[in-house]
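Student:
In our numbering, the protein residues as written are 1 to 643.
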C-alpha cells in the first residue's frame with residue numbers, strides 16, 4: 001500500500017475521488033488536498049481530504065477495515081496540515097467512528113445525530129474558551145468601575161431625573177416572559193442575565209443596531225460576536241469596527257471577536273454557500289452544540305438573541321433549530337423601512353445602484369465611511385475591468401505598459417482599500433481634516449502600494465484624486481447626518497449636493513502645495529510657453545470642473561440608458577477634454593492633441609472593433625491615457641455616491 005496525493009481541482013482526479021466516495025456512501029465536499037491509499041494494483045482503498053485545518057471525506061473500503069489503514073491515513077493528513085502551518089486539526093465523522101478517532105487523540109467538540117466534530121493538536125477550543133472567560137471578567141470589572149463612577153458623580157448623588165432615566169435604559173433587566181420578544185417585560189428574579197448575539201454585519205445596518213438595542217434591554221450584559229470569516233464584501237476588521245462604533249452608546253454591550261467555533265467555514269460551511277440541503281441541518285446542529293457546550297458557558301451567557309428571518313431559508317431554518325436546541329432563544333421582529341425589512345443585502349444592492357439616499361435610510365452614520373471607501377475601491381475596480389481600453393491595462397492585455405498587468409493592478413487596488421477606509425474615517429468629522437493628516441495617510445498608502453507592486457507606480461494619480469474625493473464625500477455625509485432634515489431642505493435635490501461636494505474638494509485641494517517631480521509637473525514644464533496644461537492638483541483645486549459639468553452627466557445618462565459600453569464611452573468622453581499629462585510625459589503635446597481628436601471621432605462613431613484597433617495602435621506608440629483612466633474612476637465614484 002502507498003499514499004498518493006490527488007488534486008481535487010483537477011477534473012480527472014476529482015472524478016476519481018467522487019467515484020470512491022460514492023462507493024462508500026459519501027459525497028464530495030470542498031477540499032484543497034486529498035490523500036488516497038492504494039493497493040498493489042493501484043486501486044483506491046481509502047482516502048481523506050483537507051480544507052484548511054479540517055479533515056473531510058474520510059472513507060475506507062469495507063474489505064480493508066480493521067487493517068489500521070485509517071490510522072496511517074489520519075496521521076498523514078495531520079502531518080500535512082501541520083506542514084501547512086496548522087497546529088490544530090479538526091475532523092467531521094459519523095458518530096459510530098467517535099471511539100476510533102478518540103484513540104487517535106481527537107477530542108469531541110460537538111455532536112449531532114448524523115455527525116460529530118472533533119479536534120486534535122495544540123490550542124483549539126480551550127484557547128478560545130479561556131479568551132472568552134477573560135472577556136467576561138473584564139466586562140464585570142468594567143461594570144463595577146462604571147457603578148462606582150456613577151455613585152461618585154454629582155448628578156447621580158442628586159438623584160436627578162436624567163440619571164434615573166439613564167440607569168433605567170442601561171441597567172434594568174427585562175425578559176419577554178413568552179410574550180412579544182420586541183416588548184420586554186420586567187424580571188421577577190435578581191439573577192443577572194447575560195446574552196449573546198452572533199451576526200455578520202455586511203455591512204452594519206440600523207436593523208443590526210435595533211436588534212442589539214432590544215437585546216441589551218433584556219440582559220445585564222450583552223456580548224455581540226462578529227462572524228470572523230472574510231467571505232463578505234466588507235472585511236472582518238471593518239465589520240467589527242462598524243459594530244463597535246454603531247453600539248458605542250450602549251454601556252452594557254461588549255463587542256467580541258468571532259472565531260472558527262462560531263459560524264465559520266470550519267464548522268458551518270453551508271452558511272457561506274447559503275445552501276439548504278440534507279447536510280445543512282447537521283452543520284447547524286453542530287454549530288449550535290458548539291455554542292451550547294463551550295461559548296455560552298465561557299461567557300456566562302444563558303440567552304441567545306436573533307432577528308426574525310423573512311426571506312433567507314437557511315437562516316430561518318437555523319433560527320428554528322436554535323429554538324429546539326438552546327434553552328432561551330429570543331427572537332426580535334426585523335426593523336422595517338417603507339414596508340421592507342432593513343437588511344445588509346438591501347444596502348449592498350443600493351451600493352451597486354449608486355443610491356446613497358436609500359443607504360442613508362438603512363445604516364447608522366458610523367457605517368457610511370466604510371461604504372464610501374468601498375465605493376471608491378469598486379470604482380477603481382470598474383475602471384480596471386473596463387475592456388478594451390486604448391493603451392491601458394485591462395483584462396485583454398497590458399496596453400502600453402511593460403511593467404504592469406491586470407494581476408498587479410488588482411493587487412494594487414486591494415492594497416489601497418484600507419487606506420481609503422482611513423481617509424473616509426478622517427473625513428467623517430465636524431471640521432475638515434488638515435493637509436498634513438491627509439498627506440500622512442497618502443504617504444502610507446503610496447508606500448504600501450509600491451511594496452505590493454515591487455516599486456511600480458500603478459495608482460499614484462488615482463490615489464490623490466480618489467483620496468481627496470473620499471475625504472470630501474465622508475465629510476459631506478457627516479454634515480448631512482448631523483442635521484439631515486435641515487440640510488436636505490436647504491439643498492435643492494442632487495445638484496446642490498454635488499455643488500457642496502465640489503466645494504469641499506476645492507477646499508481640501510487648496511491646502512496642498514505645488515508638486516515637483518510628478519508626471520504632471522514634468523508635462524507642464526514641457527509645455528511651458530506654448531499652452532497652459534493643467535495637472536492633477538490644478539484640476540483638484542478647480543473642483544474637477546469638467547467632471548461635474550460634462551463627464552458625470554454623460555456617464556449618468558449612459559447608465560440610465562443601460563448602455564453596456566457606458567465606461568468605455570465615458571473614458572473616450574474624458575479623453576476628448578483632458579490635458580492628459582501621462583500622454584504628454586510619454587510622448588509630446590502634438591500626440592496629446594491627436595488623442596483628443598481621435599477620441600472625439602471614435603465617440604461619434606463608436607464600435608468595439610474600432611476601440612480595439614485604437615488599443616493596438618496606442619500600445620505600439622507607447623500612448624497611455626492614464627490621467628483619463630483616473631478621471632474615469634473618479635467619475636464612477638462620484639456617480640455612485642450622488643446619483
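Every residue, glycine too, gets a C-beta built ideally from N, C-alpha and C.
1) Starting from residue 330, trace the beta strand (DSSP E) both ways and give me its first and last residue.
2) Helix or strand or just coil, what does DSSP make of residue 199?
3) Go through its chain and collect everything with a Cβ distance to residue 139's Cβ below 6 angstroms, but skip five positions before and after it.
4) Contact between the stretch 309 to 327 and the stretch 236 to 255 is defined here as three or more beta-carbon pairs at a separation below 8 angstroms; is this criterion met?
5) Could you give the first and the last residue of the continuous beta strand (DSSP E) run that contains residue 121?
6) Can you check which of these residues, 335, 334, 392 and 611, is closest to residue 599 by C-alpha distance?
7) Using a threshold of 8 angstroms, state whether the C-beta atoms of residue 204 and residue 376 are closer than that.
8) Quick one: give me the first and last residue of the alpha helix (DSSP H) that residue 99 is part of.
9) Return the first residue and the last residue of the alpha helix (DSSP H) that residue 379 is part of.
10) Where do the N-terminal and C-terminal ends of the alpha helix (DSSP H) with residue 319 fall, by residue?
11) Locate the alpha helix (DSSP H) running through residue 427, then write down its first and last residues.
12) Would you identify the three-state DSSP class for residue 265, choosing helix, strand or coil?
13) Under the DSSP definition of a beta bridge, which residues are partnered with residue 5?
14) What are the boundary residues of the alpha helix (DSSP H) that residue 472 is part of?
15) CA-CA distance, residue 370 and residue 141?
16) To the nearest angstrom, how far is it from the Cα of residue 437 to the Cα of residue 585?
17) Between the Cα of residue 424 and the Cα atoms of 73, 49, 71 and 238, which residue gives the shortest distance?
18) Can you tell me whether residue 32 is buried or exposed? The criterion is at least 16 other CB atoms within 10 Å of its CB, across all chains shown.
19) Taking its Cβ as the centre, do 16 or more other Cβ atoms sit within 10 Å of residue 1, making it buried, or is it exposed?
20) Based on DSSP bridge pairs, tell me the residues matched to residue 51.
21) Decide yes or no for the touch test of the stretch 388 to 402 against the stretch 426 to 435: beta carbon pairs closer than 8 angstroms, at least 3 of them.
22) With DSSP collapsed to three states, give me the class of residue 65.
23) Are the Cβ atoms of residue 262 and residue 291 separated by less than 8 angstroms?
24) Give the DSSP-derived three-state secondary structure of residue 304 in the structure shown.
25) What do you reckon, are the CB atoms on residue 478 and residue 506 nearer than 8 angstroms?
26) How about the stretch 532 to 551 and the stretch 614 to 634: do they share at least three Cβ pairs that are nearer than 8 angstroms?
27) Look at residue 498 and residue 642 and say whether their C-beta atoms are less than 8 angstroms apart.
28) Does the beta-carbon of residue 20 have 16 or more other beta-carbons within 10 angstroms, so that it is buried, or is it exposed?
29) Buried or exposed: residue 503, going by 16 or more other Cβ atoms within 10 Å of its Cβ?
30) Let me make sure I understand the geometry here. Which of 27, 37 and 15 has the alpha-carbon closest to that of residue 5?
31) Using beta-carbon positions only, say whether residue 566 and residue 627 come within less than 8 angstroms of one another.
32) Give the range of the beta strand (DSSP E) segment to which residue 295 is assigned.
33) Check whether the stretch 460 to 469 and the stretch 403 to 411 are in contact - that is, three or more C-beta pairs closer than 8 angstroms.
34) Would you grab the beta carbon distance between residue 476 and residue 501 for me? Rounded to a whole angstrom, and I think it's under 8 angstroms.
35) How about residue 569 and residue 577: are their beta carbons less than 8 angstroms apart?
Tutor: According to the data block:
1) Within the chain shown, residue 330 is the residue found at index 330, counting from 1. Start and end: 329 to 332.
2) Sequence index remark: in the chain shown, residue 199 carries index 199 (1-based). Correct three-state label for residue 199: strand.
3) Taking the first residue of the chain shown as position 1, residue 139 is located at position 139. Excluding positions up to five away in sequence, the list reads 221 and 254.
4) no
5) As a working mapping, residue 121 is identified with position 121 in the chain shown. Taken as a continuous stretch (DSSP letters only), the beta strand (DSSP E) holding residue 121 covers 115 to 121.
6) Position 599 of the chain shown, counting from 1, holds the residue named residue 599. Cα-wise, what sits closest to residue 599 is 611.
7) Position 204 of the chain shown holds residue 204. Position 376 of the chain shown holds residue 376. Their beta carbons are not under 8 angstroms apart, which means residue 204 does not touch residue 376 by this criterion.
8) For the purposes of this step, residue 99 is taken as the residue at position 99 of the chain shown. Residues 98 to 102.
9) For this step, residue 379 is matched to residue 379 along the chain shown. Looking at the DSSP string, the run of the alpha helix (DSSP H) that includes residue 379 is 368 to 385.
10) Within the chain shown, residue 319 is the residue found at index 319, counting from 1. Looking at the DSSP string, the run of the alpha helix (DSSP H) that includes residue 319 is 313 to 325.
11) Locating residue 427 in the chain shown gives position 427, counting from the first residue. Note, residue 427: alpha helix (DSSP H), 406 to 427.
12) In the chain shown, the residue the question calls residue 265 occupies position 265. Of the three classes helix, strand and coil, the one that applies to residue 265 here is coil, per DSSP.
13) Numbered from 1 along the chain shown, position 5 holds the residue referred to as residue 5. For residue 5, which the question treats as bridged, DSSP gives the partners 35.
14) Here residue 472 is taken as the residue at index 472 of the chain shown, counted from 1. Residues 460 to 482.
15) Residue mapping note: residue 370 aligns to position 370 of the chain shown, counting from 1. Residue mapping note: residue 141 aligns to position 141 of the chain shown, counting from 1. Rounded to the nearest whole angstrom, the C-alpha separation of residue 370 and residue 141 is 32 angstroms.
16) Numbered from 1 along the chain shown, position 437 holds the residue referred to as residue 437. Numbered from 1 along the chain shown, position 585 holds the residue referred to as residue 585. For residue 437 and residue 585, the distance between alpha carbons rounds to 30 angstroms.
17) Against the chain shown, residue 424 aligns to sequence position 424. Measuring from the Cα of residue 424, the nearest candidate turns out to be 238.
18) In the chain shown, counting from the first residue as 1, residue 32 sits at position 32. Exposed: under 16 other Cβ atoms inside 10 Å.
19) For the purposes of this step, residue 1 is identified with residue 1 of the chain shown, where counting begins at 1. Per the 10 Å Cβ criterion, exposed.
20) For this step, residue 51 is matched to residue 51 along the chain shown. According to DSSP, which records beta bridges pairwise, residue 51 is partnered with 54.
21) no
22) One-based indexing of the chain shown puts residue 65 at position 65. Note: residue 65 maps to coil in three-state DSSP.
23) Position 262 of the chain shown, counted from the start, is the residue given in the question as residue 262. Position 291 of the chain shown, counted from the start, is the residue given in the question as residue 291. Against a cut-off of 8 angstroms, the Cβ pair of residue 291 and residue 262 comes out as a contact.
24) Taking the chain shown and counting its residues from 1, the one referred to as residue 304 is at position 304. Strand.
25) Working through the chain shown from its first residue, we reach residue 478 at position 478. Working through the chain shown from its first residue, we reach residue 506 at position 506. Contact flag unset, no.
26) yes
27) Counting from one through the chain shown, the residue named residue 498 turns up at place 498. Counting from one through the chain shown, the residue named residue 642 turns up at place 642. Taking 8 angstroms as the Cβ cut-off, residue 498 and residue 642 qualify as a contacting pair.
28) Locating residue 20 in the chain shown gives position 20, where the first residue counts as 1. Residue 20 should be labelled buried.
29) For the purposes of this step, residue 503 is taken as the residue at position 503 of the chain shown. Counting Cβ neighbours within 10 Å, residue 503 comes out exposed, since fewer than 16 surround it.
30) What you label residue 5 is simply residue 5 of the chain shown in a count that begins at 1. Of the listed residues, the one whose Cα sits closest to residue 5 is 37.
31) The count along the chain shown starts at 1 and reaches residue 566 at position 566. The count along the chain shown starts at 1 and reaches residue 627 at position 627. No, the pair does not count as a contact, with Cβ atoms beyond the cut-off.
32) One-based indexing of the chain shown puts residue 295 at position 295. Segment: none, residue 295 is in no beta strand (DSSP E) and carries neither H nor E.
33) Too few Cβ pairs lie closer than 8 angstroms, so no.
34) Translated into the one-based positions of the chain shown, residue 476 becomes position 476. Translated into the one-based positions of the chain shown, residue 501 becomes position 501. At roughly 5 angstroms, the Cβ-Cβ gap stays under 8 angstroms, so residue 476 and residue 501 are in contact.
35) Walking along the chain shown from the start, residue 569 turns up at place 569. Walking along the chain shown from the start, residue 577 turns up at place 577. No, Cβ-Cβ distance for residue 569 and residue 577 is not below 8 angstroms.
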